[in-house]
């Protein structure tokens, strides 16, 4: 990693395409509440399978990277609580000696601002961003993309009534307690699938500079993100398995869906209701891994 003037960080890209399959579970918690449904756990209404959005997992990854790296050069977080996005854009303009508020900025200068943002913010370099508001810093298509997670089996959206030994409003002071509700999933094993494009990391004009160092940090985040995201609302969550398919080339050696189909999760006993990870078995058909692909079991 080379640190340039004005806080700019230039990194070498990655040489290989990757796909990955992540298994994680929740016990007596709400992995991703739906604000349009009273914050109940997200669910596919037609099948009853649980859903966790990509945005939810990206937030946990961002939080982990920020905890590990802080504001170290090249590892700041762009989408961060309390920091307006346009403030980051203005910072980029000032660092490059451009005029914030200039509506006639040249395309070359927008590209310079885009490169500065990529060099300084890990999450933009990883996931991409649209940075056209305020001072225009262009758009970034991130090399790392994650699908919605889906539970292996249908989940139960359980509503638990709780009591609190105090009240909120002064006029309710004579009440002994107030009532509330908590939404949980008794148990659910979720599967997420993702993609990492070397070409989007390395492209001379559109690449982000996502590096091997960034990649290792990303794997660490997937494995450890729940360990530092504890709360009563989320119950007990843990990353259980992480499988990585590494291609021998930038463009890849096999379709992603073919690789994903090699990994399945099934209940050990169909007559019981799953209540722990031990109720499942994860199967990998290693005999059908295509030529040019390396399967890495990271967890």
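Numbering (the numbering used here), first residue to last: 466 to 764. Ideal Cβ positions, reconstructed from N, Cα and C, are used throughout, including at glycine. Given the structure is predicted, the values throughout are model-derived calculations rather than measurements.
The bridge partners DSSP lists for residue 614 are 517. When the alpha-carbon of residue 605 is set against those of 704, 567 and 675, the nearest one is in 675. Note on residue 737: under 16 other CB atoms within 10 angstroms of its CB, so exposed under the neighbour-count rule. Cβ-Cβ separation between residue 746 and residue 733: approximately 5 Å, consistent with a contact (criterion under 8 Å). Minimum Cα-Cα distance from residue 601 among the listed residues 588, 640, 608 and 553 corresponds to 553. A check of alpha carbon separations from residue 541 across 585, 730, 739 and 616 identifies 585 as the nearest.
In this chain, the alpha helix (DSSP H) harbouring residue 664 covers 663-667. In this structure residue 624 is exposed. Its beta-carbon is surrounded by fewer than 16 other beta-carbon atoms within 10 angstroms.
Distance between residue 523 and residue 544, taken at the CA atoms: about 10 Å.
Residue pairing of residue 624 in beta bridges, as defined by DSSP: 648. In its chain, beyond the 5 residues on either side, 482 and 608 have a beta carbon closer than 7 Å to the beta carbon of residue 662.
For residue 590, the enclosing alpha helix (DSSP H) covers residues 587-592. In this structure the stretch 616-632 does not lie against the stretch 588-596, because fewer than three pairs of beta carbons, one per stretch, are closer than 8 Å. Within the stretch 696-756, the complete beta strand (DSSP E) segments of 3 residues or longer fall at 701-712, 728-732 and 745-749, listed in chain order.
Straight-line measurement puts the Cα of residue 648 at about 44 Å from the Cα of residue 667. Here the alpha carbons of residue 764 and residue 706 stand approximately 5 Å from one another. The beta-carbon separation of residue 704 and residue 687, rounded to 6 Å, stays under the 8 Å limit for a contact.
Excluding its 5 nearest sequence neighbours in each direction, residue 583 has C-beta neighbours in its own chain below 7 Å: 589, 590, 605, 673 and 674, listed in chain order. For residue 639, no beta strand (DSSP E) run applies, since DSSP gives it neither H nor E.
Taking C-alpha positions only, residue 491 is separated from residue 576 by approximately 42 Å. When only Cα atoms are considered, residue 519 and residue 660 end up about 12 Å apart. In this structure, DSSP gives residue 489 an extended state, which the three-state scheme calls strand. Looking at 633, 525 and 699, the one whose alpha-carbon comes closest to that of residue 498 is 699.
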